[in-house]
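Note sheet for the following structure.
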Amino acid sequence: MTTAKQGRVLVVGGFGAVGATVTAALDGWFPGRVLPGGRSRGVRVDVGDPEGFGRVLDGLGDVAAVVLCVEPPGPGAARACLERGVHLVDVGATPRLLDGVAALHGDAVRAGATAVLSVGLAPGLTNLLAARAHEEVGGADRTP
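To convert, note that position 83 of the sequence shown is 87 in my numbering; the numbers rise steadily by one, no gaps.
As structure tokens, this is what we get:
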């Protein structure tokens, strides 16, 4: 992940099946900088409350990126990130949400933030994880 600023990565839904996997992978690449979050543990955050979500980001202060591993009800959490210059990665693919976040393009540009949408697990994050594994082992054709 390339970010304009150093900081931590908040994984929203970081204790679920998808989020726990994302959290573990990111923690391997960015040790000590990954914060799993959810409504009931870790960093307490609720994507259904955009104002509260923004307050959490403000309170953490040094979040460079947020990975949404949950489906928010609307673009409010994305807006909270992008307006603050926090990069956003979203695993969801709902057209309503994609359109809502796309409408925030101007806010993101003004704040210097990037949103990567609809990465999913297959092929999105799966491809990223495969590329990282490929880099680590030197290729799929290599024998031990």
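Think of the CB as a built atom: it goes at the ideal place given N, C-alpha and C, for glycine as much as any other residue.
A quick note: this is a predicted structure, and the numbers were derived from the prediction, not measured.
What's the C-alpha gap between residue i and residue j?
| i | j | result |
| --- | --- | --- |
| Arg100 | Pro79 | 9 Å |
| Thr7 | Gly18 | Summary for Thr7: the model assigns pLDDT 37, below 50, so the residue's position carries little reliability; its value from the coordinates is reported in the next sentence. Whole-angstrom Cα-Cα distance: 20 Å. |
| Val16 | Ala115 | 21 Å |
| Leu102 | Arg12 | 24 Å |
| Leu121 | Leu72 | 10 Å |
| Val38 | Arg48 | 14 Å |
| Ser44 | Gly23 | 14 Å |
| Val60 | Ala82 | 13 Å |
With DSSP collapsed to three states, give me the class of residue i.
| i | result |
| --- | --- |
| Leu121 | coil |
| Ala97 | coil |
| Leu64 | helix |
| Gly116 | coil |
| Met5 | Below a pLDDT of 50, predicted positions are generally treated as unreliable, and Met5, at 39, falls in that range; the measurement from the model is reported next regardless. Met5 falls in the coil class under three-state DSSP. |
| Arg146 | Residue placement at Arg146 is poorly supported in this model, since its pLDDT is 46, which falls under 50; the coordinates are not used for a value here. |
| Leu90 | Here residue 90 turns out to be Val, not Leu, going by the sequence shown. It is coil, neither helix nor strand. |
| Gly80 | helix |
| Arg12 | strand |
Can you say whether residue i is buried or exposed, counting buried as having 16 or more other CB atoms within 10 angstroms of its CB?
| i | result |
| --- | --- |
| Asp94 | buried |
| Gly42 | buried |
| Pro77 | exposed |
Could you tell me how far apart the beta carbons of residue i and residue j are, in whole angstroms, since I believe they sit closer than 8 Å?
| i | j | result |
| --- | --- | --- |
| Val67 | Leu14 | 5 Å |
| Leu92 | Val70 | 5 Å |
| Pro40 | Thr27 | 5 Å |
Does the count of Cβ pairs from the segment 105 to 113 and the segment 49 to 68 closer than 8 Å reach three? Cβ pair count under 8 Å is below three, so no.
Assess, as a yes-or-no matter, whether the segment 32 to 46 is touched by the segment 77 to 92 under the definition of 3 or more beta carbon pairs within less than 8 Å. Contact between the segment 77 to 92 and the segment 32 to 46 is not established, with fewer than three Cβ pairs separated by less than 8 Å.
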